[in-house]
Amino acid sequence: MLRSLLLTAATISAAPAFADVNIYTTRQPELIQPVIDAFTAETGIAVNLAFVSDGLPERLKAEGSRSPADLVMTVDIANLQQIVDADVIQPVDSEVLAAAVPAELRSPENLWFALTTRARIVYASRDRVAEGEVTTYEDLADPKWEGRICTRSGVHNYNLALVSGIIEHHGVEYAKEWAEAVRANLARKPEGNDRAQVRAIWAGECDISLGNTYYMGKMLSDEEQTEWANSVRIEFPVFEGAGTHINVSGIAMTKAAPNKEEALQLMEFLVSPAAQAIYAEENFEYPVLESAELSELVAGWGTFDADTVSLTDLAGHRAEALRVMEEVNFDG
Numbered sequence: 002m003l004r005s006l007l008l009t010a011a012t013i014s015a016a017p018a019f020a021d022v023n024i025y026t027t028r029q030p031e032l033i034q035p036v037i038d039a040f041t042a043e044t045g046i047a048v049n050l051a052f053v054s055d056g057l058p059e060r061l062k063a064e065g066s067r068s069p070a071d072l073v074m075t076v077d078i079a080n081l082q083q084i085v086d087a088d089v090i091q092p093v094d095s096e097v098l099a100a101a102v103p104a105e106l107r108s109p110e111n112l113w114f115a116l117t118t119r120a121r122i123v124y125a126s127r128d129r130v131a132e133g134e135v136t137t138y139e140d141l142a143d144p145k146w147e148g149r150i151c152t153r154s155g156v157h158n159y160n161l162a163l164v165s166g167i168i169e170h171h172g173v174e175y176a177k178e179w180a181e182a183v184r185a186n187l188a189r190k191p192e193g194n195d196r197a198q199v200r201a202i203w204a205g206e207c208d209i210s211l212g213n214t215y216y217m218g219k220m221l222s223d224e225e226q227t228e229w230a231n232s233v234r235i236e237f238p239v240f241e242g243a244g245t246h247i248n249v250s251g252i253a254m255t256k257a258a259p260n261k262e263e264a265l266q267l268m269e270f271l272v273s274p275a276a277q278a279i280y281a282e283e284n285f286e287y288p289v290l291e292s293a294e295l296s297e298l299v300a301g302w303g304t305f306d307a308d309t310v311s312l313t314d315l316a317g318h319r320a321e322a323l324r325v326m327e328e329v330n331f332d333g
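The sequence shown begins at 2 in my numbering and counts up one residue at a time.
Set out below in structure tokens:
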């Protein structure tokens with residue numbers, strides 16, 4: 002009996018101790034916490050989240066090899082490209098990630114991987130816009146929309162990514178003409194965030210607006226904003242001859258990564274069916290894993306065919322997109 006107890010004690014003391022995983026995130030930690038809790042419950046590995054609102058690439062460069070961060074989580078291809086350009090992340094060779102994440106939703110060098118997607122759609126007034134009236138992004142330049150469009154700043158990352166899509170499909174000169182025409186169709190000077198545009202539709206200031214899909218879920222979760230949300234419906238425009246513009250939330254492993262093995266475990270967990278369902282449900286986003294279930298609310302918005310252009314290619318057009326929006330004085 003004594004020998005058995007001694008063996009048990011020796012076995013316990015010899016059991017490997019898992020290191021924590023440290024994440025720098027530009028997303029509010031409460032948006033990520035439910036899926037992180039599921040990972041810890043399954044693996045016993047604790048995860049520490051540090052919210053970094055601005056200057057993430059600069060912080061990682063300043064910390065260098067001393068950085069405690071194993072992973073970075075952020076949204077939008079522009080932010081992902083910034084950390085690539087800063088040379089602060091490392092490639093990750095994982096059959097699990099490669100199988101789960103479509104090629105156009107990850108870095109060609111496996112430097113970052115998308116976890117969820119969101120579509121850049123049109124919120125349309127239920128009362129003043131007929132179903133099927135919104136068709137393509139190109140159509141937003143049609144004079145029929147004069148005085149009817151609201152949007153946030155044209156130089157916000159979300160809109161620059163959309164303009165990058167216009168450039169990818171049609172070229173810079175077309176994009177400039179398109180931006181000028183859309184500007185002429187604005188009901189007011191660009192201001193506020195995506196939810197503010199829906200409020201403007203509800204108030205009768207405009208009839209359609211550009212926005213990300215997940216804001217519908219956020220508005221319906223807010224008692225004050227539910228009335229705004231119910232005044233519009235989601236329409237999924239497409240690029241002519243292509244699909245609906247999407248962007249991503251994504252993850253990457255830092256060069257420093259003191260807990261590389263545990264960090265990889267977390268990355269692979271985040272693309273599992275269970276984690277994808279949790280992540281998408283909590284944030285009203287679309288899973289990257291094809292077999293993962295949509296939340297009932299998101300599924301109710303309808304289906305769409307996503308544009309399959311590489312997000313890395315879109316990131317390559319960002320400087321041109323910014324130049325286009327500044328040259329047409331879109332926010333002026």
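Ideal placement from N, C-alpha and C gives every residue a C-beta, glycine not left out. Note that this is a predicted model, so its numbers are computed, not measured.
With DSSP collapsed to three states, give me the class of Y138. In this structure, Y138 counts as coil in the three-state DSSP scheme.
Coil, strand or helix - A115 by DSSP: strand
Could I get the ranges of all uninterrupted alpha helix (DSSP H) runs contained in the region 198-260, with 4 residues as the minimum, in chain order? 215-221 and 227-231
Exposure label - A298; buried when at least 16 CB within 10 Å: For the record, residue 298 in the displayed sequence is Leu; it is not Ala. By the neighbour-count definition (other C-beta atoms within 10 Å, threshold 16), L298 is an exposed residue.
Three-state secondary structure assigned by DSSP to A307: strand
Which residues in the same chain have their Cβ closer than 7 Å to the Cβ of P92, if we skip the five residues on either side of it in sequence? E110, N111 and L112
In terms of DSSP beta bridges, what is Q91 paired with? M254.
Measuring straight from C-alpha to C-alpha, what distance separates V1 and L116? Nothing can be reported for residue 1, as the shown portion of the chain is limited to 2 through 333.
How would you write the range of the alpha helix (DSSP H) that N158 sits in, first residue to last? N158 to H171
Beta-carbon proximity check, T245 vs P191, cutoff 9 Å: no
Once you ignore the five residues that flank N260 on each side, which residues in its own chain have a CB closer than 8 Å to its CB? A20, D21, V22, N23 and D71
Is the distance from the Cβ of D213 to the Cβ of A322 below 9 Å? Just to set this straight, residue 213 is Asn in the shown sequence, not Asp. Contact: no.
Quick one: residues in its chain with C-beta nearer than 7 Å to the C-beta of T313, no 5 flanking neighbours on either side, listed in chain order? Exclusion of the five residues before and after T313 leaves S108 and P109 as the residues of its chain whose Cβ lies within less than 7 Å of its Cβ.
I122 versus L211: straight-line alpha-carbon distance, rounded: 6 Å
I'd like to check one pair, A125 with I252: are the Cβ atoms closer than 9 Å? Not a contact, by the Cβ cut-off of 9 Å.
Closest residue to G218 among S296, K145 and I279 (Cα-Cα distance): S296
For R189, which of V289, I202, Q34 and V85 has the nearest alpha-carbon? I202
Which whole-angstrom value describes the C-beta separation of D77 and Y159, a residue pair presumed to lie in contact below a C-beta threshold of 8 Å? 7 Å
Roughly how many angstroms separate the alpha carbons of C207 and V48, rounded to a whole number? C-alpha of C207 to C-alpha of V48: approximately 44 Å in a straight line.
Distance check for V272 and T12, CA to CA, integer angstroms please. With a pLDDT of only 30 at T12, under 50, the local geometry of the prediction cannot be trusted, and the value read off the model is given with reservation. Using only the alpha carbons, I get a separation of about 33 Å.
By the three-class DSSP mapping on this structure, what secondary structure does R107 have? strand
Can you tell me which of the three DSSP states S126 falls into? In this structure, DSSP gives S126 an extended state, which the three-state scheme calls strand.
Using CA atoms only, rank isn't needed, just tell me which of A275, N284, E31 and A281 is closest to A42. A275
Would you kindly check if the distance between the Cβ of I168 and the Cβ of Y138 is under 9 Å? no
Between V36 and Y216, is the Cβ-Cβ spacing less than 9 Å? no
Taking the DSSP output, what are the residues bridged to A120? I247
Starting from the C-beta of E328, find all residues in its chain whose C-beta is less than 7 Å away, skip the five residues before and the five after it, and write them out in chain order. Once the five neighbours on either side are set aside, the close Cβ partners of E328 are K177.
What are the boundary residues of the beta strand (DSSP E) that includes L72? L72 to V76
Spatially closest choice to R184 from Y25, T26, G333 and T27, by CA coordinates: Considering only alpha carbons, the answer is G333.
Out of A131, V73, N186 and E134, state which residue places its alpha-carbon closest to the alpha-carbon of A142. Out of A131, V73, N186 and E134, N186 has the C-alpha closest to the C-alpha of A142.
Quick check on the DSSP output: the beta strand (DSSP E) that includes T41 runs from which residue to which? Looking at the DSSP string, T41 is not in any beta strand (DSSP E); the run it does join, the alpha helix (DSSP H), is P30 to T44.
Ranges of the alpha helix (DSSP H) found wholly within the region 256-333, counting only runs of at least 4: For the region 256-333, whole alpha helix (DSSP H) runs of length 4 or above, ordered along the chain, are 261-270, 274-284, 297-300, 312-317 and 319-328.
Nearest residue (CA-CA) to R127, options I235, F305 and V89: I235
Using a Cβ-Cβ cutoff of less than 6 Å, which residues in the same chain neighbour T309 once the five nearest sequence positions on both sides are dropped? E105
Just checking my contact of Q82 with A258 at CB under 8 Å: how many whole Å lie between their CB atoms? Actually they are not in contact, since the Cβ atoms of Q82 and A258 sit about 20 Å apart, beyond 8 Å.
Return the CA-CA distance between A100 and E224, expressed in angstroms with no decimal places. 40 Å
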